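These notes are about the structure you will find just below.
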Amino acid sequence: MTLQTMTQNVIATAEKPALSILDYSLSYKTANGLISALKNIDLTIPKGKTVGLVGESGSGKSSMAWSVMRYLPPNAVETGGAIRLAGEELLDQTPFQMADIRGRRMSMVFQDPSTSLNPTIRLGEQIAEVLMRHRGLTKAQAWAEAEVALARTGITRPKEMLQRFPHEASGGEKQRVVIATAFACEPELIIFDEPTTALDILTARQILDLFNQLRDETNVSALYISHDLGLVSRVVDEVSVLHKGVIVERGLVGEVFAKPSAPYTKQLIGAVPNPDRWIGVDAPAEPKTLIKLDGIGVHYGAPSKIQKMFWPEDAEKVGFWGAKDVNFEVRKGELLGVVGESGSGKSTIAKVLAGLQDFQGNLEIEGKTIGSRKVIDRAYRRRVQIVFQHPDASLNPRQKIGRIIARPLKLYGVVPREKIKARIAELLEMVRLPEEYADRYPHQLSGGEKQRVAIARAFAAEPELVICDEVTAALDVSVQAAVAELLVKLQKDTGAACVFITHDLNLIRQLAHRIAVMHHGKLVDFFDRPDARSEDRDPYTKALLDAVPVHTPVEAFEIA
Amino acid sequence: MRNFFSSPTAIMGTALLSIVLFAAIFGPMIAPYDPQAFDPLNRLQGPSLTHLFGTDQFGRDLLSRILTGAPSTVAFGVGATLLGVGIGSIIGVVAGVSGGWVDSTIMRILDGLLAVPDLLFTLLIVTILGGGMEHAMLAVSIAFAPGMARIARSAVLSVRTRDYVRAAVARGESGVYIVTCEVLPNALSPIVVEATIRVSFAIMIGATLGFLGLGAQPPSTEWGLMVAEARQFMFRNPWCVAIPGISIAIAALGFNLFGDALRDALDPKRSHG
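Protein chains in written order, with our numbering: chain A, 1 to 560; chain B, 1 to 273.
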């Protein structure tokens, strides 16, 4: 080979995009015939660039990741197209050749670090394994290299971290290990599949910064898959919007944000909660207390009577406090937001209010004091209703929608027996579902529709307080907005108060009158919504507010 | 359930099961000979046109004996299982729903019982109660109860923490409503599947007891007993052991495969992919 042709080769590879997907289609074989997952996808990732793939659940974005990794389920049928890694056709590779490419030339970072690491193997070994397999290092070399890789991800004591097992590391640390593993062999392409979705806001922010820093250092090409437009705009150069297996829009991220052309993109951008756009109900004219939480504490794994008898001094240390000494009040007709990271105790408070969790301290409802879960009666339970996070789990799969909604009507005797049917229709209409849905089973409905049914069931009891425990977290952005608006409308119609628990600070600032911030089981901050940015906020509140993806100012094309 | 028959297991299981059930229902009516009629001149014959499956040591027609034995064999398997599933499920549901020390106590006792092998346990009970079909059936069902209780309990536990059950608790529903309307309908399918599979074990244990002389007594046409009686003539006419043996195998396999297929069809996680 002459020097000239060699140079030409080098130039040729340099110009070839890191990944190019041409006219690629994919279907899945199911009992109902072929179902198309991806249709004529064209996607190019130039060398050193990051391309975002944005879409809601079911849009096919994860299928795309698996097709590139060549790790499709057996019922997948590829119906044409090409996937080329630096010009090399991946569709022609044998599984054996792919095993060599995976990890060395391209790697993947998954959504949930707690399930993508093997819980029985030390973290160091998990990184070293990749290095030994693909770069042929000895064990000692690999461990040394793993330490360097880990240090690059900003872990303060990498050497100690290598010796730990996954359960001894926090979620953020684990995701750093996964990222270190992905970067370890300096691959040409890394696929990030929602790498921050399973992490809390502060950690997610750090991981994003880390991603940007590593990308600048290594000049790797990346495919960044996410459902969150705001988040994607922070890390990618170009973005493609995927809707039902078709790319509906592509372009530079700034342009797509500023001038979305496809209607779906407009809808998606419009649905992203904008903290400055208030959609909640008017605040109650005169604040009247509905429920007061007085020194509420929840001690998980509390010592038994016998343990207390023999080791009284350990009583405080055993187990852990899901919530400790929480005091606040819920006013009539208001929407109170409770925010915090996972494990902050916000759901614990929801369970206490709904009478699902034993607690210490007192609940006061209109002068009546409730000192323990056991004395909570049906009258209280009717006044306080709860809506859960996962609509799939909160509706009994063997009961029809009509029966599910009818149950509180019958149980509390809200309406006379002969009027139940009419009331069900009314309630369904209130949550904007057709009357015929009463005869359907939950699995015949979409996630958003199921959540509406759960909300209808809660409002069927004509409650004074509805607890919404992350009701929008399991839903897609566009559905989220609709559910939040529905909730506000119902509040307006019925005058019920609402405790809205969420980790989404943008959303809560659209809805809530007052906001409570929880951290490690304690109430750290409590303020009126307009005071969110005031100076005397708790440092933790400030940190949370700073970590939220900034809403791009796009008033110009807010959906009319 | 729509694509139940798309798996070979389901087709095979259903086919075998239909043969067995057909024999159990219509067997005694279509039997060509009297199952107890001796024919000393035609003892221990192989299959022929007059005796399709051959004859046994007393010259009784094997086909007729198999057909008349089918109802009692199937009834034994199904009956013992139903009884065992009933007892076991009640114990398991009680343990799963009440939780706490009630659950712990019940489950530790059942763990102890589970340590004894099914057959040994059955033998023990039959020895105490005395032989005979009814006692054998009772023994098998008692031996099944601990295993079924475990399955029922785990089914209940997996449902008990679902949000729709918690929603019912938060509504202030009574315990009876929660168990009968929210928990049980969703916990039923693993119990039904396990029961179908267990019928095959019951049939085999029943046949074993018959073989050991602790179940049905002569001149009953129970299949296990037929194997035992024909054993000493095995070398002169292998058919008289093989025919009832194969019948037992077909019945057991039929229920087993059908149960397996049922589990695949009812479990949404398995039916995809």
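The beta carbon of each residue, even a glycine, is placed where N, CA and C say it ideally should be. It should be emphasised that the depicted structure is a prediction, and the values quoted were computed from it without experimental measurement.
Note on geometry: alpha-carbon atoms of Pro284 (chain A) and Ala379 (chain A) lie some 24 Å from one another.
Exposed is the label assigned to Thr138 (chain A), since fewer than 16 other Cβ atoms lie within 10 Å of its Cβ. Going by C-alpha positions, Ser221 (chain A) is about 33 Å away from Leu507 (chain A).
By a beta-carbon distance limit of 8 Å, Val339 (chain A) contacts His503 (chain A). Their separation comes to about 6 Å.
Note that the region 382 to 397 of chain A does not touch the region 312 to 323 of chain A; fewer than 3 beta-carbon pairs, one per stretch, sit closer than 8 Å.
Excluding sequence positions up to five before and after Thr265 (chain A), its CB lies within less than 8 Å of the CB of Val241, Val248, Glu249, Val256, all in the same chain and listed in chain order. Taking C-beta separations shorter than 6 Å and ignoring five residues to either side along the sequence, the partners of Lys61 (chain A) in its chain run Leu53, Gly55, Ile225, Leu242, following chain order. For Ala222 (chain A), DSSP records a beta bridge to A:Thr50, A:Ile190.
For Ser25 (chain A), the enclosing beta strand (DSSP E) has its first and last residue at 19 to 30. From the beta-carbon of Leu411 (chain A), the residues of chain B found nearer than 8 Å are Arg171, Gly172, Glu173. For Tyr24 (chain A), the closest of A:Thr50, A:Lys49, A:Ala65, A:Pro46 by C-alpha to C-alpha distance is A:Ala65.
In chain B, no part has a C-beta under 9 Å from the C-beta of Ala182 (chain A); the shortest such distance is about 27 Å.
Contact between Glu341 (chain A) and Asp200 (chain A) holds: their C-beta atoms lie close to 4 Å from each other, under 8 Å. Linking Arg529 (chain A) to Lys288 (chain A) through their CA atoms gives a straight-line distance of about 18 Å. Interface residue (Cβ-Cβ distance to chain B less than 8 Å): Ala323 (chain A) is not classified as such. According to DSSP, residue pairing for Leu83 (chain B) in a beta bridge does not occur. In the structure shown, the three-state DSSP call for Thr208 (chain B) is helix. Counted as a single uninterrupted DSSP element, the beta strand (DSSP E) harbouring His519 (chain A) occupies residues 514 to 519. Counting only runs of 3 or more residues that sit fully inside the region 89 to 154 of chain A, the beta strand (DSSP E) segments are 106 to 109, in chain order.
From the listed residues A:Val177, A:Ser344, A:Thr94, A:Ala151, the smallest Cα separation to Pro113 (chain A) is found for A:Val177.
For Asn506 (chain A), the enclosing alpha helix (DSSP H) begins and ends at 505 to 511.
Secondary-structure assignment with DSSP links Ser240 (chain A) through a beta bridge to A:Leu53, A:Arg250. Identification of chain B residues near His390 (chain A) by a Cβ-Cβ cut-off of 9 Å yields Asp163, ordered along the chain. Assigned with DSSP and collapsed to three states, His299 (chain A) falls in strand.
Scanning B:Ala136, B:Ile11, B:Asn256 for the CA closest to the CA of Leu214 (chain B) turns up B:Ala136. Ser104 (chain B) and Ala187 (chain B) have their C-alpha atoms roughly 20 Å apart. DSSP places Ala82 (chain A) inside the beta strand (DSSP E), whose first and last residues are 82 to 85. Leaving aside the five residues that flank Val165 (chain B) on each side, the residues in its chain whose CB is nearer than 8 Å to its CB run, in chain order, Val159, Ile178, Glu182, Val183.
Bounds of any beta strand (DSSP E) do not take in Ser104 (chain B); it lies within the alpha helix (DSSP H) bounded by 100 to 114.
Scanning the region 420 to 473 of chain A from its first residue to its last, the whole alpha helix (DSSP H) runs of 4-plus residues come out as 420 to 430, 447 to 460. Chain-ordered listing is empty here: chain A has no CB closer than 7 Å to the CB of Arg108 (chain B), the nearest sitting near 18 Å.
Cα atoms of Asp546 (chain A) and Ala532 (chain A): separation of roughly 11 Å, rounded to the nearest angstrom. For Asn362 (chain A), the pairing in a beta bridge is given by DSSP as A:Asp294. Leaving aside the five residues that flank Ala142 (chain A) on each side, the residues in its chain whose CB is nearer than 7 Å to its CB run, in chain order, Ala128, Leu131, Met132. Collapsing the DSSP output to three states places Ala283 (chain A) in coil. Only residues of its own chain outside the window of five on either side were considered, and among them Thr196, Leu231, Arg234, Val235 have a CB closer than 8 Å to the CB of Leu208 (chain A), listed in chain order.
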